[in-house]
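Under my numbering, residue 1052 is the last one in the sequence shown; the count climbs by one each step, no gaps.
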Amino acid sequence: MLTKIHNNIQDKKHRFMERIARFISSLLAPAIFVSVITPASAIDVDPLLIDQFMRMDPTQQQALAAQYGVDLSQFGGGASGRGFQEDQTKQQVSVLTRSGQSQDPSKQTLPRDDISGEESSARYQVGKLVPFGYELFAGAPSTFEPVNDIPVSNDYVLGPGDTLKVELYGKESKSYQLGIDAQGKVHFPELGPMNVAGLSFEEVKNKLRDEVSKRMIGMKASISMGELKSIRVFVLGEAYVPGSYVVSSLSTITNALVLSGGISESGSLRNIQLKRKGELVQTLDLYELLLKGDTSNDAALRSGDVVFIPPVGNTAGVDGEVRRPAIYEFKEGETLSDLLGFAGGLKPSAYPKKSTLERINDVDQRTVLNVSAKAEDLNANPAQAGDILRIPSVLEKVEDTIALRGHVYRPGVQSFKDGMRLTDVISSVDQLKPGSDLRYGLVKRYLPPQQTLKVLSFRIDRALADPSSEYNVELQSKDEILVFGLYPRDQKLSPEYEEMAAQAQELASSTAAFSDVRMTGLPLDYQASSTDNAQSPLLDRDRAHSRTRFTVTEFEKEAAYWGRKWVIDEILEELRAQSEIGNPSQEVRITGSVRYPGDFPLVDGMNVEDLIYAAGGLTEKAYKLSAEINRTDFDEQQKRIQARYEIDLNMAAGREFEFKSRDVLQIRGIPEWVENHYVELKGEVRFPGVYPIHKDDELRDVLKRAGGVTNYAYVPGAVFTRIELKEQQEKRLQEMQRRLAEDIAKAQLVEKDASRRSGDIGKAQELLTQLQQTPALGRLVVDLRKVLAEDPDYSIPLQNGDALTIPSRKNSVTIIGEVQLPISQVFEPKLDYTDYIERSGGTTDKADEDRIYIIKANGGVQLPDSGHWFASNDAQMEPGDTVVVPLDADKLDQLVLWRDLSQIFYQIALGAAAVGSL
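What follows is the structure, encoded as structure tokens:
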């Protein structure tokens, strides 16, 4: 029953909507909707019609429903909305798509609507030629807003659908809105019907005024346009969505193009035709609009007009250093000069003398012609279909420049003039940062014809002191001046440069990479390195400073500030790359007591003093009485000849010894030179602190200097640590962690009993966590009582970094391991270790009671009642001792390396005991 009622309601609703559709269609179709070719079938309810009905005023809905015999209350009440007249301001459009189906453009997907700004700018990139002008229609609206609020020209031709506003004034004042009916007449209340169709607005105004003046004595008329008629036009041919459209009577050709979604890329932009009654009325060239802003040929449309878009004509491309590289359509008789004009002309960086033209010749083969981009030459060369005119750019290399880099306030590029010298660029030490090296700097110079690298050195201090001296180096165009910092800074680079430094080291090991740098003239800089050719920043930077463009990057500033390592390595690798038989790499090496030991470029006339300055100078431990030079050479038969020279750095002859390629200078250190060594005493000593030591000092000597121990010192609990032992213990703990983690992983794979596996492995994971948290103390077990007693057979030599901590008196014993409650207890002399275990709740079921051991307060380990392991055989418990109840490894037999865990337990217990003793 309910189903039947529901079906009746739906049937009534459908019949009602069908009636409404017929009514609205008959009422509004001439003014708003486009007639669409549809099959001769039952009328479908157009959603647009229903939407128009739902927007009506409720009283209008009720009146219309009553006329067609439908009660709106049956459908849940009428829909409220704005009045019908209000909705006429926006015109709904149906179009005939390529598939022949009627479609609302607001629901169409136009791919060009989604062209983003980034994609739009990418249309004009070198090497990515696209047809010009079609983006004009990107983002075309899906509805068309009629233009009714602008003045109408006097030559506007009136027709059915237009409305006239007539204001009468004089002895009476009246106002009328006179619509032109389908017969082209207006019905003037006092004057009767008047035929105005086909007349211009000016003619109609004059006609009405004359009639009012003649037939209405004492009255005058003011006439203006009201609502304008809509007209139907066709957009056909290569339109994006060809079809029939209803548009405003003031619309032009471009309005219709925009409404149709624009022109497809197979359509012509230069031969858009307006046809009226089969005859060509106007031709629109959109290039005139796009390139010149000329709308003179954008004719107004009339009802029944056809906007026809023919296929695109001949096209040619313009690429390279022009403002709008693209593919352009050209007309018969247009030349290459016209194409260049379409492209916006040349950029300032264009080099027109080397322009080329790709053209398809008479035998259908593509060929390349050399052309000049001069206006007269291009005017004389007609464009042909398929041409591509390419305009190259000027070379990226910079001429007549000098680059200043490094430890200076204002690094950068300066203009070069003939006769320039070093002091013309660096005229004062005020241009240098604090700590600049005044005794060593370099000039990089590339010599023609192969652009080989030559390195020169200079001394700023002597150049400024005597500008006429040889130290004031004469410069050449494209030289690079490198100024270094003298004192080594913190050699840890900031995080953003760590990766760059790694790339620099990788590059330094690759001769091929620097060969590529030397032979390639590509202008790549660090700030804008190509993503398609992702080289290291150092490689890009070297290219930027090598015969092309000078760019001082942040990485250069950082490298120069931290020291000379990175810049020198670059130079050396390039020198090695250009070496060959008979021309070895020009480099020398210095080792020993200098600030920057390593390899340095060999410059003309370089001597021992120059190399020492290149290395930052001698350190305080350098031995000046003697140095050694090792030389390796080859004779004409290519046999190696080695020589060794001893020189005295205090003598002029020694300092002026000149180097050859691959020489090695060794600067010795002062014999018996040592840095100051220190040990630290803490805790219960009379004068705790840090004490300098000599090579032969022992622990007893330092304790005497510190005044001995106090009355509150607990001597058996002294903790002595050593850096060397700490490093060894850290390595052992890391190895144990690794082996235990591997064992746990193996056990997880081989154990079949899940419950047993979870218990055993869980315990092992707990031990691994403890092990990872155990610090390596570097503790050395010492018997401080023997040290204080000055036992001659018991001596402890000291090393740099040793530390002794003497705790205050202890009155506790600690129990750890497999006991119910691991705690510390008050020491009682009458109790032994078993009593303390019982007071901790006894052992657990996984305890190994046969291997219980005691860690004494001094760090020694003892097995009670059965001898000892390491240091003590005294089974008596003492304050500060630790009782360790180990885990029974046999109960966790699934792990392969449990036999080694006793070492792990020892380390954990030892660490806990040491911490408890502090």
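Glycine included, C-beta positions come from ideal geometry on N, C-alpha and C.
In chain order, what residues of the same chain have a beta carbon less than 6 Å from the beta carbon of residue i, not counting five sequence neighbours either side?
i: residue 293; result: 331, 363
i: residue 385; result: 435
i: residue 356; result: 301
i: residue 858; result: none
Taking only the alpha-carbon atoms, compute the straight-line gap between residue i and residue j and give it to the nearest angstrom.
i: residue 416; j: residue 324; result: 43 Å
i: residue 316; j: residue 440; result: 23 Å
i: residue 488; j: residue 455; result: 12 Å
i: residue 305; j: residue 321; result: 22 Å
i: residue 308; j: residue 353; result: 10 Å
i: residue 940; j: residue 913; result: 13 Å
i: residue 997; j: residue 815; result: 31 Å
i: residue 344; j: residue 300; result: 13 Å
i: residue 383; j: residue 476; result: 33 Å
i: residue 429; j: residue 505; result: 35 Å
i: residue 915; j: residue 855; result: 9 Å
i: residue 757; j: residue 724; result: 14 Å
i: residue 420; j: residue 462; result: 12 Å
i: residue 567; j: residue 615; result: 15 Å
i: residue 367; j: residue 492; result: 42 Å
i: residue 593; j: residue 799; result: 21 Å
i: residue 575; j: residue 268; result: 59 Å
i: residue 910; j: residue 805; result: 35 Å
i: residue 923; j: residue 748; result: 56 Å
i: residue 398; j: residue 468; result: 23 Å
i: residue 794; j: residue 707; result: 18 Å
i: residue 556; j: residue 731; result: 27 Å
i: residue 774; j: residue 527; result: 52 Å
i: residue 808; j: residue 842; result: 28 Å
i: residue 601; j: residue 553; result: 13 Å
Exposed or buried, which one is residue i when buried takes at least 16 other CB atoms within 10 Å?
i: residue 899; result: exposed
i: residue 158; result: With a pLDDT of 46 at residue 158, under the threshold of 50, the modelled position of that residue is not reliable, and no figure is offered here.
i: residue 591; result: buried
i: residue 948; result: buried
i: residue 544; result: exposed
i: residue 785; result: exposed
i: residue 327; result: exposed
i: residue 605; result: buried
i: residue 720; result: buried
i: residue 497; result: exposed
i: residue 908; result: buried
i: residue 944; result: buried
i: residue 255; result: Caution applies to residue 255, whose pLDDT of 42 falls short of 50 and renders its modelled position unreliable; the value that the coordinates give is listed next. Exposed.
i: residue 863; result: buried
i: residue 988; result: buried
i: residue 963; result: exposed
i: residue 569; result: exposed
Give me, in chain order, the residues of the same chain whose beta-carbon lies closer than 8 Å to that of residue i; leave out the 5 immediate sequence neighbours on both sides.
i: residue 928; result: 917, 920, 921
i: residue 812; result: 824, 825, 826, 827, 934, 935
i: residue 535; result: 547, 548, 549, 550, 611, 612, 684
Closer than 7 Å by C-beta to residue i: which residues in its own chain qualify, once you throw out the five before and the five after it? Chain order, please.
i: residue 579; result: 588, 590, 610, 613
i: residue 1079; result: Given that the chain is displayed from residue 135 to residue 1052, the structure contains no residue 1079 and the question cannot be resolved.
i: residue 495; result: 501
i: residue 480; result: 455, 456, 486, 507, 525
i: residue 977; result: 952, 953, 971, 983, 1019
i: residue 442; result: 370, 371, 407, 409
i: residue 595; result: 572, 573
Quick test of your reading: residue i and residue j, contact by CB under 8 Å. State the CB separation rounded to the nearest angstrom.
i: residue 970; j: residue 959; result: 6 Å
i: residue 540; j: residue 618; result: 6 Å
i: residue 980; j: residue 1021; result: 6 Å
i: residue 407; j: residue 445; result: Going by Cβ atoms, the distance from residue 407 to residue 445 rounds to 12 Å, so no, they are not a contact pair.
i: residue 1060; j: residue 448; result: What the structure shows of the chain is the stretch from 135 to 1052, and residue 1060 is not part of that stretch, so it cannot be assessed.
i: residue 125; j: residue 726; result: Any answer about residue 125 is impossible in this case: the structure gives the chain only from 135 up to 1052.
i: residue 499; j: residue 586; result: So it is not a contact: roughly 42 Å between Cβ atoms.
Would residue i count as contacting chain B if we go by Cβ distances under 9 Å?
i: residue 408; result: No chain B is part of this structure, which consists of one protein chain only.
Following a CB-centred definition, is residue i positioned closer than 8 Å to any heavy atom of the ligand NAD?
i: residue 780; result: Annotation note on the ligand NAD: not contained in the displayed structure, which lists no ligands.
Evaluate the contact criterion for the region 773–793 versus the region 733–746: three or more CB pairs, one atom per stretch, below 8 Å. By the Cβ test, the region 773–793 is in contact with the region 733–746, since at least three Cβ pairs between them sit closer than 8 Å.
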